[in-house]
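Listed in order, the protein sequences are those of chains A and B. Here the first sequence is numbered in the working numbering, starting from -6 and rising by one per residue. Here the second sequence is numbered in the working numbering, starting from 503 and rising by one per residue. Note that CB positions come from ideal geometry on N, CA and C, so glycine has one too.
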Amino acid sequence: MSNVSIKNLHKNYGSFHAVKGIDLEIAEGEFLVLLGPSGCGKTTTLRCVAGLEEVTDGQISIGDRVVSSKDRSVPPEHREIGMVFQSYAIWPHMTVFDNVAFGLKLQRIPSKQIRARVMTALEMVGLEHLADRGASQLSGGQQQRVALARAIVLEPKVLLFDEPLSNLDAKLRERMRFELRQLLQQLKITSIYVTHDQQEAMVVADRIVLMNEGVIEQIGNPAEIYRAPSSRFSAEFIGLTNIMSGRVSKTGKDSALSIQNGPELRFRNGQLKKDTDVDIVFRPEVIEISKAPLKGPNTFKATVESVFFLGNIGDIYLRVGDMQVRGQLSPPVDWKLGEEAWVRIPPEWVLAYPAQG
Amino acid sequence: MDATTATETGTAVRTPGARRRPDRHGWLAPDNLLIAALSIVVVVISILPLIYAIDAAFYKETMIGLTTQRSLKAIYEVYFTSEYLSYFWNALSLGFIVTVISVVYGVGMALIISRTDIPFKNTLDLLTIMPMFVSPFTGLIAWISLGSEKTGFINGVLAEVGNFLGFSIEPLVNIWTFGGIVWVMVLFFCPFVYLFTIGNLRGMDSTLEEAARTSGAGTFYTLTRITLPVCLPAILSASLLVFILSTEVYTMPGILGAPDGFVTLTWQIYKDSTTFPVHRAHAAASGTMILWIAVAGLWLQRRLTRKAEKFVTVTGKGFRGKPIPLGVMKWPALIIVGAYIIFADILPLIAIVLSSLMKYSSGVLTADIFTISHYVKFFSLSEVRLALWNTMMLAALAGAVCVVLGFLISYFEVRRSNRVTVTLAFLGTISVAVPGLIYGIGMLWLYLKTPLYGTVWILLLAFVAKYLPYGILVSRSGILQVHPDLEQSARVHGASPLRVIRSILIPIAKPTLIAVLFFVMLSSIKELSASLLLYSQKSPILSVLTWNYMDGGEYQFASAVGVVQTILMIGIVIITRIAFRIKLEAATLSK
Ligand SMILES: Nc1ncnc2c1ncn2[C@@H]1O[C@H](COP(=O)(O)OP(=O)(O)OP(=O)(O)O)[C@@H](O)[C@H]1O
Ligand SMILES: [Mg+2]
């Protein structure tokens, strides 16, 4: 177990700049998730930590040891890491046992000890009964567990995961999230986990690093990022959200936004200058919807445009002037199309970001 | 007609009044007529000669052929006397040695080129597979002029160097030995192993190796414990192929081994069928023995392939791993690959061109030894001009026929899959396991009494029989790439079945079909083993001429013919690569 520190990491593939200066400190025993859309450089960052890619600039250390810098790179086999790949990378010509024992045999540990450690690791992932099975006869979920056992059996300083659950079907994926989280809480191994699935990130992470186009957008624990996204990108990427364009119409205590062809909205972060073009963001579940009249700022009369019944909740679209607002009904009360409704958008949940481009 | 007889797709339509496609009418539907015609063609071209070749083993023979009387004498003498068993043993041991060396070297080169940061990667890759694109027999001629004891260039140059340094160097190499046979065959078979292995290495999921690295294994350990074992089924499969091919080849061991008295079974087959007094039944009986090797080998190979498929390590993504930095090891690696390229490509090329410009064989080059008379003769001899024309015509026709038949047969197999069409495709591909020599024997016997005998058309039949399997296998993989939905959506949008083939299937499968065309052309130009039994004075082709001139001791003229033949073949390779962007070696892999 060790801390990992990444300083100003850059990685180019030819002229393409895949990672553009990343700074990260990962504490001992922390479970850190790199989250971001496809192609944002998550895997690249992870592979740099693993030593599978050389860094173009910057420095990576594991514990006190610098493992990657511009002109020096410790090869992966000397980094004391464990890694779980998206494709599992289970060696097809070996049994489950041999797959897990591979790294231990390299350390010239007595075979009795190897046996004990491999079986413990297999027990942890619930596969002890398959130890002698050929690896090519495993299901996807089983392969995933073997890959996990293989990574933890070495008691690495850092565990690296590259979308380990993305090839599993939805049900299994959900279950594995919790198992993985529990297992790692038990083992307390520093982990870096790459995913593009925000729900998965929320479940497993101590801390989420949200990446976009090779840079970090935001770092924080799941709740922080959800409640206080630092940019339109963060808000959009994590959770559902209403987004519209507007302009700051008032500043100061009563700061407000005017929405193009829509009503004026009060909002939370008031440091924006008057007349700044902004993106306005608020989540569906904060909107209060009522048949009886509501009071207070940001209260409007609206018409119901469409309602979708999703079981535990309802998804509702309302029109306020020219503005369409998505709300959430929990429990899913019956609304008729075209019905009049009162909505209130609490100002403390309305966020605005200077518009980009 | 009763609807229950409408079995044209195998799934009999049993409900009368069920909707039937208007374009087909029971047994006489165009599809069925076509399938019937294809079946007849396949039987006549691929199956009958094989049956005749086996059948011929069971006759009493005379000095010029077979009688109509049955006899088991030939079978007995081939299978149970030490003479023929020793030929068989020679073939097996030669095949074994050649296979082992080719596999070690071919796999080594594949590892170096696919996994390290060796410079000039693409050029090295291309030059390593180059020998596949020229005639092995031409390579043999080249190596005879390079490696002969007294008149070879290598010993000549060494002697000159010795003279210059003031001491005498004894002749160092002699190609006319067992070692020489192995040498030339290894040079020729390495690319097969290389191509199979590198295809597997390139398609391998790179995370398998990366997982080993992150588990603490170094590069070398990873190569030996992960990379090679994962490729093992492919490597074994390539070994079997090389083994089968090298027990079948008779030109190299035959010519080079003759002075040493080293005779392999296939060379004996050739002698039994061509030198007076002929032993046709013995030849045929020996043929069945060779057939056993091929059948056993292919059976094993199939099992291995199935095992390899279970490994499913080949992802669509291809290998993305970081190349292993060689550092100073770059030089040994370059020497390993470079040595092969020098001995398999560069030296033979220089030798054959030089030799074709010389008046007589000599290891020492002097100014007055050079002449262009062989090329003048090449274009003035009517026999050679005819051979050039025949070669090109046969190549084009064999290519075209294999494309058309192969496409149709695999189309029916894939899209109208039923017992008839699947059997048809199977029968069409059987000949992949059959040595050309055996086809030669069978064709000869089958068409002896027909006007086809002694014409170029019998050669065409032999070429089609031999290369139709490529046509079927390669177009099958092409057709399988086209999702049936693409065709069905065209049908839904109103296209007739023919129209769908013309405007959907053929355009998408076109690169595959072009690859088949040129691959068959290339193979036909260098075909020798069946041609040698089937050609006649009236139907000469280039490959046979090189053989005949060699046999008659006219090495220089044979070289000139070889040069022209090589230019033709390289021309085809260049055209497909540049004009169509198709790599012909891909066609070989589907074997
Ligand atoms: N070996 C390579 N050569 C060139 N470009 C590469 C290479 N590997 C990655 N890239 C590029 O770098 C960028 C970042 O890739 P990376 O694999 O890190 O993305 P990712 O965030 O993991 O995305 P995903 O969620 O799709 O896995 C992408 O645009 C990718 O095309
Ligand atoms: Mg990725």
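Less than 7 Å between the CB of residue i and some heavy atom of ligand 2, yes or no?
i, result
"T766(B)", "no"
"E156(A)", "yes"
"V42(A)", "no"
"V187(A)", "yes"
Using a Cβ-Cβ cut-off of 8 Å, state whether residue i counts as contacting chain B.
i, result
"M76(A)", "yes"
"A43(A)", "yes"
"P286(A)", "no"
"F260(A)", "no"
"E148(A)", "no"
"F301(A)", "no"
"A82(A)", "yes"
"Q136(A)", "no"
"F171(A)", "no"
"Q100(A)", "yes"
"V95(A)", "Residue identity check: residue 95(A) is Phe in the sequence provided, not Val. Closer than 8 Å: yes."
"V12(A)", "no"
"F86(A)", "Here residue 86(A) is His; the residue named in the question, Phe, does not match the sequence. Yes, its Cβ sits closer than 8 Å to a Cβ of chain B."
"E46(A)", "yes"
"P69(A)", "yes"
CB residue i to CB residue j, shorter than 8 Å?
i, j, result
"Y186(A)", "Q137(A)", "no"
"T244(A)", "K267(A)", "yes"
"A927(B)", "I1003(B)", "no"
"A714(B)", "I728(B)", "yes"
"F655(B)", "S748(B)", "no"
"N892(B)", "V797(B)", "no"
"W678(B)", "D762(B)", "yes"
"L2(A)", "I15(A)", "yes"
"G789(B)", "I547(B)", "no"
"I231(A)", "D272(A)", "no"
"F560(B)", "L574(B)", "yes"
"G96(A)", "I145(A)", "no"
"V274(A)", "L344(A)", "yes"
"A558(B)", "I943(B)", "yes"
"V111(A)", "A128(A)", "no"
"I1027(B)", "L1070(B)", "yes"
Does chain A have any CB closer than 8 Å to the CB of residue i?
i, result
"T1078(B)", "no"
"G720(B)", "yes"
"A713(B)", "yes"
"T709(B)", "yes"
"P1094(B)", "Residue coverage of chain B in this structure runs from 503 to 1093, which leaves residue 1094(B) outside it and unanswerable."
"G818(B)", "Annotation note: pLDDT 47 at G818(B) (below 50); position unreliable, coordinate value reported separately. Judged by the 8 Å Cβ criterion, G818(B) is not in contact with chain A."
"S741(B)", "no"
"V732(B)", "yes"
"T716(B)", "yes"
"I728(B)", "yes"
Going by other Cβ atoms of all chains shown within 10 Å of its Cβ, with 16 needed for buried, is residue i buried or exposed?
i, result
"A11(A)", "buried"
"G641(B)", "buried"
"N305(A)", "exposed"
"V878(B)", "exposed"
"D315(A)", "exposed"
"R523(B)", "Residue placement at R523(B) is flagged as unreliable, the pLDDT there being 49, under the threshold of 50; a coordinate-derived value is accordingly withheld."
"K288(A)", "exposed"
"H876(B)", "buried"
"V26(A)", "buried"
"V1063(B)", "buried"
4-residue-minimum alpha helix (DSSP H) runs that sit fully inside the segment 187 to 272 of chain A, ordered along the chain: 191 to 197, 215 to 220, 225 to 230
Where the beta carbon is closer than 5 Å to any heavy atom of ligand 3, which residues qualify, in chain order? With respect to ligand 3, the structure offers nothing, as its ligand set consists of ligand 1 and ligand 2.
Could you name each continuous alpha helix (DSSP H) segment of 4 residues or more that falls completely within the segment 623 to 665 of chain B, going from the start of the chain to the end? 623 to 631, 638 to 649
If we require 3 or more residues per run, which beta strand (DSSP E) segments fall completely within the segment 1056 to 1085 of chain B? none
Ranges of the beta strand (DSSP E) found wholly within the segment 679 to 744 of chain B, counting only runs of at least 3: none
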